[in-house]
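Respectively, the protein sequence lines represent chains A and B. So in my numbering, the last spot in the first sequence is 97, and the numbers never skip. So in my numbering, the last spot in the second sequence is 163, and the numbers never skip.
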Amino acid sequence: MDTVTVNGVEYRHVDGEDKGTILLYGLSTCGWCKETRMYLELNEVAYNYIYVDLTSGDARDAAMEELEKYNPDMSFPTLIINEDTVILGYEPEKMAELLDLPEE
Amino acid sequence: MGKLYDDFKAKTEQTGYYVSTDVEFVERLLENIKVNEERYGYPACPCRLASGKREEDLDLLCPCDYRDEDLEEFGFCFCALYVTKDVLDNNKKIHSIPDRRMKALKAKKEAKKHDSEQITIGGLQYPVWRCKVCGYLAARPEAPEVCPICHVDKDRFERFI
């Protein structure tokens, strides 16, 4: 599995069409996180994700610190596009609009 | 397929709450609560990050302390596991909602600083304990071992009065 490191946080990379740098903060157990991943994969978008619940110690601290910068509520899923646009929760319409994808 | 859902639905409705009709989505959440139970030793909310320490995560044991407020405001809980009867009857669309946990924890910290958490009434024969999950109140020397209404453990109770 390919990994990508951005600002000290290691993400798993999923191949697809390049729509900018997409970082997904999720939990391996969370329903809306899975929906978000399924949506991105259905639309064949390249993205990077981290399942924070599967991290520990310094790696988790680094990930949560980074997440807090974009989302003070530190909720999951959080999707960050090009380090400036943030989508909280599973929001297919917002993803379609911001990533220029066809509506469902 | 379906038995896990049916059992959970029956159990939940006995406590006065309702479950989403999306069987697959619900069963996946239930399986992931089980994953957390095996991982941490307690059924942490599958949609929030658990610390691994039960005493730090009491508010996010499923059903979490935020379920009632989310049902009240949106009609479903953060995970979209529990829904209101209104959402079921009127087939309302279920979607992702904001997580109120961080703000609630901060507010709680503030309240503690000002010591405004607990009401004191003189002359009561017993303290009153409140179940943080369903709001059940019990006037007795100690909180019950298990909430007789929603069946959560004693550590989900707070001293109310």
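For every residue, glycine included, the Cβ atom is placed at its ideal position computed from N, Cα and C.
**OP:** Note down, in chain order, all residues in the segment 67 to 93 of chain A with a beta-carbon under 7 angstroms from any beta-carbon belonging to chain B.
**Re:** Met67, Ser68, Phe69, Leu81, Gly82, Tyr83 and Glu84
Original post:
chain B partners of Val38 of chain A, CB-CB under 8 angstroms?
Top reply: Position 45 of the first sequence, counted from the start, is the residue given in the question as residue 38 of chain A. Within 8 angstroms Cβ-Cβ: nothing; Val38 of chain A doesn't reach chain B, min ~18 angstroms.
Subject >> 8 angstroms Cβ cut-off: residues of chain B touching Leu100 of chain A >> reply: With chain A covering only -6 through 97, there is no way to say anything about residue 100 of chain A.
Original post:
What is the DSSP secondary structure of Glu160 of chain B, reduced to helix, strand or coil?
Top reply: As a position in the second sequence, residue 160 of chain B is number 158, starting the count at 1. Residue state, collapsed to three classes: strand.
**OP:** Identify, in the order they occur along the chain, each residue of the same chain with its Cβ nearer than 8 angstroms to the Cβ of Phe10 of chain B, setting aside the five sequence neighbours on each side.
**Re:** Translated into the one-based positions of the second sequence, residue 10 of chain B becomes position 8. Excluding residues within five positions, the ones whose Cβ falls inside 8 angstroms are Val21, Val28 and Leu32.
Original post:
So, is Asp67 of chain B buried or exposed, given that buried needs 16 or more other C-beta atoms within 10 angstroms?
Top reply: Taking the first residue of the second sequence as 1, we reach residue 67 of chain B at position 65. Label assigned to Asp67 of chain B: buried.
**OP:** Given a cut-off of 8 angstroms, decide if Leu16 of chain A and Asn36 of chain A are closer than it, judged by their beta-carbon atoms.
**Re:** Position 43 of the first sequence, counting from 1, holds the residue named residue 36 of chain A. Position 23 of the first sequence, counting from 1, holds the residue named residue 16 of chain A. No; because the gap between Cβ atoms is not below 8 angstroms, this pair is not in contact.
Original post:
Quick one: does Pro100 of chain B have its CB under 8 angstroms from some CB of chain A?
Top reply: One-based indexing of the second sequence puts residue 100 of chain B at position 98. Yes, Pro100 of chain B lies at the interface with chain A (some Cβ there is under 8 angstroms from its Cβ).
Original post:
Which chain A residues sit within Cβ distance under 7 angstroms of Asn92 of chain B?
Top reply: Taking the first residue of the second sequence as 1, we reach residue 92 of chain B at position 90. Going along chain A, no residue has its Cβ under 7 angstroms from Asn92 of chain B, so there is no contact; the nearest lies around 21 angstroms.
Original post:
At a cut of 8 angstroms, does the segment 46 to 57 of chain B reach the segment 105 to 119 of chain B through at least three beta carbon pairs?
Top reply: no
Subject >> Between the CA atoms of Glu26 of chain B and Asp51 of chain A - distance to the nearest angstrom >> reply: As a working note, residue 51 of chain A is residue 58 in the first sequence. As a working note, residue 26 of chain B is residue 24 in the second sequence. Roughly 35 angstroms separates the two Cα atoms.
Original post:
So is Met(-6) of chain A buried or exposed if we call it buried at 16+ other beta carbons inside 10 Å?
Top reply: As a first step, residue -6 of chain A is located in the first sequence; it is residue number 1 there, counting from the start. Answer is exposed; the Cβ neighbour count stays below 16.
Original post:
What's the C-alpha gap between Thr122 of chain B and Tyr128 of chain B?
Top reply: By one-based count along the second sequence, residue 122 of chain B stands at place 120. By one-based count along the second sequence, residue 128 of chain B stands at place 126. One C-alpha to the other measures close to 12 angstroms.
**OP:** In angstroms with no decimal places, state the Cα-to-Cα distance between Ser49 of chain A and Leu20 of chain A.
**Re:** On the first sequence, position 56 is the one that residue 49 of chain A refers to. On the first sequence, position 27 is the one that residue 20 of chain A refers to. Between Ser49 of chain A and Leu20 of chain A, the C-alpha separation is close to 13 angstroms.
Original post:
Residues bridged to Asn41 of chain A by DSSP?
Top reply: Position 48 of the first sequence, counted from the start, is the residue given in the question as residue 41 of chain A. DSSP, once it has assigned bridges, lists A:His6 and A:Leu16 as partnering Asn41 of chain A.
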